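*Asks:* Can you keep this structure in mind? I'll have questions shortly.
Residue numbers (the numbering used here): 5 to 629.
What follows is the structure in structure tokens.
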């Protein structure tokens, strides 16, 4: 018998109007993206910092103030700039009333980052404490807020401080309403994430000095410095650096597969690209092809191994969300020209001129393109057969338990939550599949240890069933634009074999899809080593320290279980480890990691150096002697 549906009275009383700041607290994700605990660069706590800094950057871009001081202590953030200072008569409105700000007036701010009058108000509304100070012409004005509400307004007082604005805030973790979605109570600011963000600001704003907890960030050469400091392989030719009015580009080729881009608009890092990145990508390849004037040269061969950065300044930019990670603007300004034409004209002229003047660079680039062409043709037949084989094998039934939502979907709101677990063996795969969220979590099951792909050409991707199916599942054959999952999570046992599988998979990604790692999509799933329980409580422990703490806290002779592999964890228990609070270690790449050397050492021939390293670092478990 069908469940009886209760009649609910629907009247005028059900219609509610929320004031702006209350709406921010109830729907925080609309304004700052996902909240998170601080382990990911797109967590909301970093968006709060960025929103404040963006205002300071806008001052710098108007030639007002060339220094920004940032301090973070005990999860409280303080930011001081030396711009003009917020006009004091409207200071309280500027930080607390939506759709209030100086950037609607294009005379006060040209080509600014923030335009909608939202950012700083979101910081205020989502902070348990928010303090603003404006220093203007020897006068100080201060106001204190709690969760967006004004609690104290100070009278104007004389000051000897230089002009500028000071903002201090503490992200709020305490809900005031059941429907509020606020920050993880255990959040922490990650220094590495913050420093990366500040370096990007310095690259885009030469002449600006940013001081963070005493550490100084500045750049003399803009995007040239960015590529130099972020390249994980040696450039094949000196980085080309071109600047024009409202545009700056830098590029080189490196010995890797795929394409890698850093794109920015008005100081904002557009990690998902947009109209400017698409235009650069298209016109760069077309210009190079026309320069060499060779029949049959494919645009994909020209872009293979390309490492590039582009920065443009746009009047009244339109981003595809409040988080501003993808540019949607079609025009450089109200009076044009189009972004497509502006970038196209610049690249067509400047790249062509550079290649004519620098024949050595042109020759090296041509050699790289020819090598990419040879490899493409070598795998053309193999890839066609592999695709046919993949279809016949019915990928979705054999290897992949897919989810309903995907990262490359154009509609919906759950794309960022999508992930795929790469598991070893059917047992672990089955447990995760039974307990996963079928809406956003997929599972890919490995047959055993993957092939060691180090030193192989890309033909191995198509000749090896395991890699071929994995590539197809991720949908990354033609780049990351079609990536189907935001997080690619390697879920292996925490033993020697599991570690080896992790290394083999990371070798595969580093060799053929390095941008997948560089863009922060690859993770390692942490699973518990121990289960400690008594009759009343169960604790899952990820380290020996956690196990000892659980033993001390759980009295009455608790039972201890050592998990030797994921297959030993029941489906009923797995939901504890793959939910919203699952523990993940993000795989990161830095220039100092020297990827080719690392891969050669760990995954190459069994050299005496590696043998000596193993012997020198061998850890013996005395309990097993």
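Idealized CB from N, CA, C, for every residue including glycine. Quick caveat, the model's predicted, so the values are computed rather than measured.
CB-CB under 8 Å to residue 156, same chain, minus the five flanking residues each way: which ones, in chain order?
*Replies:* For residue 156, where only same-chain residues beyond five positions count, the Cβ hits under 8 Å are 147, 148.
*Asks:* Return helix, strand or coil for residue 50, following the three-state DSSP convention.
*Replies:* Residue 50: helix per DSSP, three-state reduction.
*Asks:* Helix or strand or just coil, what does DSSP make of residue 335?
*Replies:* Reduced to three states, the DSSP call for residue 335 is strand.
*Asks:* My output table needs one value for residue 517: the three-state DSSP class, helix, strand or coil.
*Replies:* Reduced to three states, the DSSP call for residue 517 is coil.
*Asks:* What first and last residue would you give for the beta strand (DSSP E) that runs through residue 526?
*Replies:* Residue 526 -> beta strand (DSSP E) spans 526 to 529.
*Asks:* Is residue 323 helix, strand or coil by DSSP?
*Replies:* Residue state, collapsed to three classes: strand.
*Asks:* Run the CB neighbour count on residue 503, radius 10 Å, all protein chains shown included, and call it buried at 16 or more, exposed below.
*Replies:* Exposed is the call here.
*Asks:* Within 10 angstroms of the Cβ of residue 364, are there 16 or more other Cβ atoms? Answer buried if so, exposed if not.
*Replies:* Exposed, since its Cβ has fewer than 16 Cβ neighbours within 10 Å.
*Asks:* Spatial neighbours of residue 207 within its chain, please: CB distance less than 7 Å, with the 5 preceding and 5 following residues excluded, ordered by chain position.
*Replies:* Here the set comprises 223, 226, 227, 229, 230.
*Asks:* Spatial neighbours of residue 86 within its chain, please: C-beta separation below 7 Å, excluding the five flanking residues on both sides.
*Replies:* Once the five neighbours on either side are set aside, the close Cβ partners of residue 86 are 69, 71, 166, 167, 168.
*Asks:* How would you call residue 108, buried or exposed, if buried means at least 16 neighbouring beta carbons within 10 angstroms?
*Replies:* Here residue 108 scores only 40 on pLDDT, less than 50, and its place in the model is too uncertain to base an answer on.
*Asks:* If you run the structure through DSSP and keep just helix, strand and coil, what is residue 500?
*Replies:* Looking at residue 500 - three-state DSSP - the assignment turns out to be helix.
*Asks:* Mind checking whether the beta-carbon of residue 60 lies closer than 8 Å to any heavy atom of the ligand FMN?
*Replies:* Although the ligand FMN was asked about, the structure shown includes no ligands whatsoever.
*Asks:* Under 9 Å, Cβ to Cβ, is there at least one residue of chain C near residue 290?
*Replies:* Absent from the structure is chain C; it holds one protein chain and no more.
*Asks:* Excluding the five sequence neighbours on either side, which residues of its own chain have a C-beta within less than 6 Å of the C-beta of residue 145, listed in chain order?
*Replies:* Excluding positions up to five away in sequence, the list reads 92, 95, 138, 160.
*Asks:* Tell me whether residue 166 sits in a helix, a strand or coil according to DSSP, three-state version.
*Replies:* Of the three classes helix, strand and coil, the one that applies to residue 166 here is coil, per DSSP.
*Asks:* Per the DSSP calculation, residue 268 is bridged to which residue(s)?
*Replies:* 273, 315, per the DSSP bridge assignment.
*Asks:* Taking the alpha helix (DSSP H) that residue 463 falls in, what are its first and last residues?
*Replies:* Segment 463 to 467, the alpha helix (DSSP H) holding residue 463.
*Asks:* Candidates 44, 184, 236, 456: which alpha carbon is nearest residue 29's?
*Replies:* If we check each option's Cα against that of residue 29, 184 comes out closest.
*Asks:* Please tell me whether residue 510 and residue 521 are closer than 9 Å, where the distance is taken between their beta carbons.
*Replies:* Yes. Within cutoff.
*Asks:* Find out if the Cβ-Cβ distance for the pair residue 152, residue 125 is shorter than 9 Å.
*Replies:* For residue 152 and residue 125, yes; Cβs fall inside 9 Å.
*Asks:* Ignoring anything shorter than 3 residues, give me the beta strand (DSSP E) runs that lie fully in the segment 50 to 83, in order along the chain.
*Replies:* Segments of the beta strand (DSSP E) lying fully in the segment 50 to 83: 71 to 77.
*Asks:* Is the segment 348 to 356 in contact with the segment 56 to 68, if contact means three or more CB pairs nearer than 8 Å?
*Replies:* The segment 348 to 356, when compared against the segment 56 to 68, does not touch it at the 8 Å Cβ threshold.
*Asks:* Using only alpha-carbon positions, find the residue among 259, 588, 249 that is nearest to residue 240.
*Replies:* When only C-alpha atoms are compared, the closest one is 259.
*Asks:* Have a look at the DSSP bridge pairing and note the partners of residue 492.
*Replies:* According to DSSP, which records beta bridges pairwise, residue 492 is partnered with 424, 526.
*Asks:* Could you name the residues that DSSP lists as bridge partners for residue 295?
*Replies:* Bridge partners of residue 295: none, in fact.
*Asks:* With DSSP run on the structure shown, which of helix, strand or coil describes residue 472?
*Replies:* If DSSP states are grouped into helix, strand and coil, residue 472 belongs with the helices.
*Asks:* My output table needs one value for residue 98: the three-state DSSP class, helix, strand or coil.
*Replies:* It is helical.
*Asks:* Pull the bridge partners of residue 174 from the DSSP assignment, please.
*Replies:* Looking at the DSSP assignment, residue 174 forms a beta bridge with 133.
*Asks:* Looking at the structure shown, is residue 406 part of a helix, part of a strand, or coil, going by DSSP?
*Replies:* In the structure shown, residue 406 sits in coil (DSSP, three-state: anything other than H, G, I, E or B).
*Asks:* Which whole-angstrom value is the C-beta distance of residue 473 and residue 403, which I expect to be below 8 Å?
*Replies:* Residue 473 to residue 403, Cβ: 5 Å. Contact.
*Asks:* In whole angstroms, what is the alpha-carbon distance linking residue 555 and residue 562?
*Replies:* Taking the straight line from one Cα to the other gives about 7 Å.
*Asks:* Counting pairs of beta carbons, one from the segment 454 to 465 and one from the segment 401 to 421, are three or more of them closer than 8 Å?
*Replies:* No, they do not touch.
*Asks:* Which same chain residues, not among the five before or five after residue 410, have their C-beta less than 8 Å away from its C-beta?
*Replies:* Taken in chain order, the residues that qualify are 419, 422, 488, 489.
*Asks:* I need the DSSP call for residue 587, collapsed to helix, strand or coil.
*Replies:* In the structure shown, residue 587 sits in coil (DSSP, three-state: anything other than H, G, I, E or B).
*Asks:* Would you be able to state if there are at least three C-beta pairs under 8 Å between the segment 254 to 268 and the segment 307 to 314?
*Replies:* Yes: at least three Cβ pairs fall under 8 Å.
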